[in-house]
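Below: the structure, in structure tokens.
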Amino acid sequence: MEKDKKTTAKIYPFYPNGQFYFERGVEAFRDQKIKEAIRYLVRASELEPGEPVILCQLAICYTEIGQFHKSNQLLRDILEKRLGNMDYCYYFIANNFAYMKDYRRALQYANRYLETAADGDYAEEAKDLIEVLLEETPFGETIENGFSKLEQEFYSYKKEINRYLAEEDSASACDILKKVIDEKPNFWPAYNQLAALYFEQLKEAEGVKVLSDLISRNPGNLLGLCDLFIYHFYKGNREEADSLYLGLRDVLPVLSHHKEKLGLIHAMMGDYDEADDLLEQVADLEVTERSKYYYYRAKAAYYLDDVEGAKMFWHSFLECDLYEDVRFPWEREADLSNDTRLVLEMLQSENDMTHLLGVYAMTISANRPEFVLFHPLLNMSNWSYMEHLMFTNFDYFPDGDVEQNCYLIMKAMDILREKGILLNTENLPLYERLFSLVLMENRKELILGRYTIETVTSAIAKLFLPEMKLALVDEFEYSKCARDIEQVLSR
Numbered sequence: 010m011e012k013d014k015k016t017t018a019k020i021y022p023f024y025p026n027g028q029f030y031f032e033r034g035v036e037a038f039r040d041q042k043i044k045e046a047i048r049y050l051v052r053a054s055e056l057e058p059g060e061p062v063i064l065c066q067l068a069i070c071y072t073e074i075g076q077f078h079k080s081n082q083l084l085r086d087i088l089e090k091r092l093g094n095m096d097y098c099y100y101f102i103a104n105n106f107a108y109m110k111d112y113r114r115a116l117q118y119a120n121r122y123l124e125t126a127a128d129g130d131y132a133e134e135a136k137d138l139i140e141v142l143l144e145e146t147p148f149g150e151t152i153e154n155g156f157s158k159l160e161q162e163f164y165s166y167k168k169e170i171n172r173y174l175a176e177e178d179s180a181s182a183c184d185i186l187k188k189v190i191d192e193k194p195n196f197w198p199a200y201n202q203l204a205a206l207y208f209e210q211l212k213e214a215e216g217v218k219v220l221s222d223l224i225s226r227n228p229g230n231l232l233g234l235c236d237l238f239i240y241h242f243y244k245g246n247r248e249e250a251d252s253l254y255l256g257l258r259d260v261l262p263v264l265s266h267h268k269e270k271l272g273l274i275h276a277m278m279g280d281y282d283e284a285d286d287l288l289e290q291v292a293d294l295e296v297t298e299r300s301k302y303y304y305y306r307a308k309a310a311y312y313l314d315d316v317e318g319a320k321m322f323w324h325s326f327l328e329c330d331l332y333e334d335v336r337f338p339w340e341r342e343a344d345l346s347n348d349t350r351l352v353l354e355m356l357q358s359e360n361d362m363t364h365l366l367g368v369y370a371m372t373i374s375a376n377r378p379e380f381v382l383f384h385p386l387l388n389m390s391n392w393s394y395m396e397h398l399m400f401t402n403f404d405y406f407p408d409g410d411v412e413q414n415c416y417l418i419m420k421a422m423d424i425l426r427e428k429g430i431l432l433n434t435e436n437l438p439l440y441e442r443l444f445s446l447v448l449m450e451n452r453k454e455l456i457l458g459r460y461t462i463e464t465v466t467s468a469i470a471k472l473f474l475p476e477m478k479l480a481l482v483d484e485f486e487y488s489k490c491a492r493d494i495e496q497v498l499s500r
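Put into structure tokens, the structure is as follows:
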């Protein structure tokens, strides 16, 4: 073997071409490195000018960073120069116009795509986009023929509806909307508004029927599904609400109104990441339900550990609505009263104790606005007098002995909750035992009105929480109160 033999390696120079940069760009795009992808694709287009696939991918990248006009310019260049079979550029242009809220042109381009490629790769997506756009712009389907006439008819109806609503004549407003639906059965927003009016009148069956008709005629109608979810959520129908949410949670909305609606629903269900992401995309001027928007933004921010942002949104919420308790609510330790869905289920219960505790939980809940401001079906007509007093947090000291008992027990529990005796699973039997004092047949035998709140609190601690040392009042006084309570409970 020759020890000094040398092998000379031949070096082949590598000259990256357009395909090389295109593949790098696509890889960066898949990794969500959009700016890096744009750099590669721009270089690819320089090396292979006019290559439609490269230009189209570049246009998609510009859409991702919100440069919709720049994206459309590239897509139109492809279509004008007839660069390959790129009919799906019409669909991408329609998407860009939808993002820019130019719904008329979005509809035109989506329809154009279906005309040129009825069975194209994006045909189903184009049909879905058109359906969504027609919800937001109901006259879009007649843009080219008679748009102004239909628009004029609608605003004539709208004016009449608003007049009746201003006069608090919702029945006549419902009649107008029913007439609109009879004459224009594909005018989907009329269904949503009619259902909302029925719910305001507590005509639940009628409201649900309208939403069911809407979804039957227009399966997948996003706002119809959202409104039906909200109905079942507040009715405490957990199974139905969960089933609807299963279909809604994977929806990627395009329109701001849809983003807001779905963002609120994600927040209601405790999916705060999704809620924050969608609500963040809604510009302030586009918000339609301002108090809900700021309330749920505050709640989502708090549970995502952005306390400063949460307090800012809470302040905005207070500026929108006259809410009686201005204290920031969620920093208090959470208990069962903060489980909105559980409380709603308790309020639907026919068991007197469960319902009473549901009213109490709603009254003390950090999520109280969700019940008193946002509940579309809050019906207190079948509540007891006691529950009405409790709901108002006893604005005045009641005259009746039983009502005074409830007042003092409730205020005593406020003190004990501050000391850690929360309304949780462990302490639930204690709360049930104490509030049974206002429901028992012999409830009139107890007269707590002769004692102070502090005395009643110490008496409860002596009976049920012996490990808790309270020095609120004289021992003789609270021991006497404890005997009174014990005697009634033992009978």
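When you read off a place in the sequence shown, starting at 1, and then add 9, the result is the number in the numbering used here. Note that CB positions come from ideal geometry on N, CA and C, so glycine has one too.
Within the same chain, show all residues whose beta-carbon is closer than 7 Å to that of residue i, passing over the 5 residues directly before and after it, in chain order.
{"i": "N26", "result": "L56"}
{"i": "F326", "result": "S300, Y303, Y304 and A307"}
{"i": "P338", "result": "A375"}
{"i": "V35", "result": "Q66"}
{"i": "F242", "result": "A250 and M277"}
{"i": "N105", "result": "T72, F77, S80 and N81"}
Mind checking whether residue i and residue j have CB atoms under 9 Å apart?
{"i": "C415", "j": "F444", "result": "yes"}
{"i": "L353", "j": "F380", "result": "yes"}
{"i": "L255", "j": "I274", "result": "no"}
{"i": "E463", "j": "L481", "result": "yes"}
{"i": "L231", "j": "P194", "result": "no"}
{"i": "L417", "j": "Y460", "result": "yes"}
{"i": "Y369", "j": "Y440", "result": "yes"}
{"i": "L116", "j": "I102", "result": "no"}
{"i": "Y99", "j": "A68", "result": "no"}
{"i": "L432", "j": "I373", "result": "yes"}
{"i": "Y97", "j": "D130", "result": "yes"}
{"i": "Y240", "j": "P407", "result": "no"}
{"i": "S179", "j": "E209", "result": "yes"}
{"i": "L253", "j": "E269", "result": "no"}
{"i": "A309", "j": "V316", "result": "no"}
{"i": "D285", "j": "L264", "result": "no"}
{"i": "V465", "j": "L457", "result": "yes"}
Classify residue i as helix, strand or coil using the three-state DSSP reduction.
{"i": "V62", "result": "helix"}
{"i": "D314", "result": "coil"}
{"i": "E476", "result": "coil"}
{"i": "G129", "result": "coil"}
{"i": "G155", "result": "Residue placement at G155 is poorly supported in this model, since its pLDDT is 37, which falls under 50; the coordinates still yield a value, given next. Correct three-state label for G155: coil."}
{"i": "A343", "result": "coil"}
{"i": "P338", "result": "coil"}
{"i": "T72", "result": "helix"}
{"i": "D330", "result": "coil"}
{"i": "T401", "result": "coil"}
{"i": "N105", "result": "helix"}
{"i": "E160", "result": "With a pLDDT of 45 at E160, under the threshold of 50, the modelled position of that residue is not reliable, and no figure is offered here."}
{"i": "P228", "result": "coil"}
{"i": "L498", "result": "helix"}
{"i": "S181", "result": "helix"}
{"i": "G27", "result": "helix"}
{"i": "G409", "result": "coil"}
{"i": "I279", "result": "The identity of residue 279 in the sequence shown is Gly, whereas the question assumes Ile. Residue state, collapsed to three classes: coil."}
{"i": "R48", "result": "helix"}
{"i": "K244", "result": "coil"}
{"i": "K193", "result": "coil"}
{"i": "P262", "result": "coil"}
{"i": "M395", "result": "helix"}
{"i": "Y118", "result": "helix"}
{"i": "E354", "result": "helix"}
{"i": "N201", "result": "helix"}
{"i": "Q82", "result": "helix"}
{"i": "T297", "result": "coil"}
With a threshold of 6 Å on Cβ separation, who are the neighbours of residue i within its own chain once the five nearest residues in sequence on each side are excluded?
{"i": "Y207", "result": "E215 and G216"}
{"i": "L356", "result": "G367"}
{"i": "L142", "result": "Y112, A115, L116 and G149"}
{"i": "Y108", "result": "F77"}
{"i": "Y200", "result": "V219 and L223"}
{"i": "M95", "result": "P61 and I87"}
{"i": "Q28", "result": "none"}
{"i": "M477", "result": "A470"}
Once the 5 residues before and after residue i are set aside, which same chain residues still bring their CB inside 8 Å of it?
{"i": "M497", "result": "Per the sequence shown, the amino acid found at residue 497 is Val instead of Met. Counting only Cβ-Cβ distances below 8 Å, and skipping sequence neighbours, we find L446, M449, N451, R452, E454 and L455."}
{"i": "L83", "result": "L64, C65, L67, A68 and Y71"}
{"i": "S181", "result": "Y173"}
{"i": "R341", "result": "A375"}
- Query: Which ranges does the alpha helix (DSSP H) cover as unbroken runs of at least 4 residues, wholly within the region 421-496, from first to last along the chain?
  - Reply: 437-444 and 462-473
- Item | Runs of alpha helix (DSSP H) lying entirely within the region 361-392, each at least 4 residues, in chain order | 361-373 and 377-381
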